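Accompanying notes for the structure given below.
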Amino acid sequence: MKRYRIGFTLLELLVVIAILAILASILFPAFAQGREAAKKGVCLQYQRQLSMGLLMYTDEYEGVFPGYVQDTWIGQGDSTPIWVGMVQPYMKSREVHLCPSAPGSMFGTTWGTRSRLSIGLNINYGLWIYGGRPLRAVASDMEHPSRTVLLGDGTPGDLGAGYRGYLTSAWNHSVGACGQPVELDGPMATVSTRHRGGTNLTFADGHGRWYPARRILPDRDPRPGDWCMCVADANPARVKWLATWRCSTDGD
1 MKRYRIGFTL
11 LELLVVIAIL
21 AILASILFPA
31 FAQGREAAKK
41 GVCLQYQRQL
51 SMGLLMYTDE
61 YEGVFPGYVQ
71 DTWIGQGDST
81 PIWVGMVQPY
91 MKSREVHLCP
101 SAPGSMFGTT
111 WGTRSRLSIG
121 LNINYGLWIY
131 GGRPLRAVAS
141 DMEHPSRTVL
151 LGDGTPGDLG
161 AGYRGYLTSA
171 WNHSVGACGQ
181 PVELDGPMAT
191 VSTRHRGGTN
201 LTFADGHGRW
211 YPARRILPDR
221 DPRPGDWCMC
231 VADANPARVK
241 WLATWRCSTD
251 GD
């Protein structure tokens, strides 16, 4: 009578395990990249929805964009309403404010809760009060809406640690001086590179896309007479951070 061998030898099992380990090492990173690509797409779609809400708000207010904070912000402190609350009546959900690739982000509509936002408004659409009146960007004064950043991936974090929830500033907090005011990641008014070393940006005409970080950083030093933010508009991608305030040296 013939005897038949049942099962695998130890060597055969080790070979199978090795093959599975090799396949896992190849496939798992691909799965992770696929998940991140999907999250990046969702985050960009959220930005587009928010931009549509902001544009609807602007249409109702004679072409004036909302500032980062409400016009009556002086003296209200942490309870001051910010742009999130202004745009919310035009949105169907709060989730559109939270990028799925940004753990720790939270919805907030006031100055005291701004730091946990993961999608930030470009501060150059209006924050400051000058001469008793708020400075606000006006759509009819915008020369390049398809290149002017409206929203982008921000960096959420604790307010006490310096996180702010909005994008860009006229001051480079990393070096304590002006000159190159677009900063990446970390606290203060920074642009996040959480999407594979790049960021989603959405523009004043409602369209958006992903950019490698190096493409949106300034590629020149300040020139004589430059205001800080003029340098931010000089970048390889030719995206504009200034809204309706112009630089005499930006070449546009």
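Numbering follows my numbering, with no gaps: position 203 of the sequence shown is 203.
Glycine is no exception: its CB is placed at the ideal position from the N, C-alpha and C atoms.
Note that the structure is a prediction, hence the values are computed from the model and not measured.
Secondary structure within the segment 178 to 214: the beta strand (DSSP E) runs of 3 or more consecutive residues, fully enclosed, are 198 to 203 and 208 to 212 (chain order). Annotation for leucine 98: Ser105, Phe107 and Ser118 place their beta carbon closer than 7 Å to its own, counting only its chain and skipping 5 residues before and after. Of the other Cβ atoms in all chains shown, fewer than 16 fall within 10 Å of the Cβ of glutamate 95; this residue is therefore exposed. For the options Val69, Thr148, Val64 and Asp158, the alpha carbon positioned closest to that of lysine 240 is the one of Thr148.
Residue pairing from DSSP places leucine 121 in a beta bridge opposite Leu151. Per DSSP, the unbroken alpha helix (DSSP H) holding valine 87 starts and ends at 83 to 87. Residue state for lysine 39 is assigned as helix, using DSSP reduced to three classes.
Looking at the backbone, the Cα of serine 79 and that of glutamine 70 are separated by about 11 Å. Secondary structure note for cysteine 230: its alpha helix (DSSP H) is the uninterrupted segment 228 to 232. For the pair of segments examined, the segment 46 to 59 was found not to touch the segment 209 to 218: the number of CB pairs separated by less than 8 Å stays below three. Nearest Cα to alanine 161 within the set Arg116, Gly77 and Gly41: Arg116.
A straight line joining the alpha-carbon of threonine 9 with that of glutamate 36 spans about 40 Å. A check of alpha carbon separations from leucine 151 across Asp158, Pro89, Tyr125 and Met188 identifies Tyr125 as the nearest. Taking a C-beta distance under 8 Å as the contact criterion, threonine 58 and isoleucine 82 do not qualify as a contact pair. Within 10 angstroms of the beta-carbon of serine 146 lie fewer than 16 other beta-carbons, which makes it exposed.
For asparagine 200, the closest alpha carbon among the candidates Val16, Gly225, Met142 and Ala237 is that of Ala237. Across the structure, serine 140 and lysine 92 are spaced so that their CA atoms are roughly 28 Å apart. Beta-carbon to beta-carbon, glutamate 183 and threonine 193 are separated by about 11 Å, too far to satisfy the 8 Å threshold.
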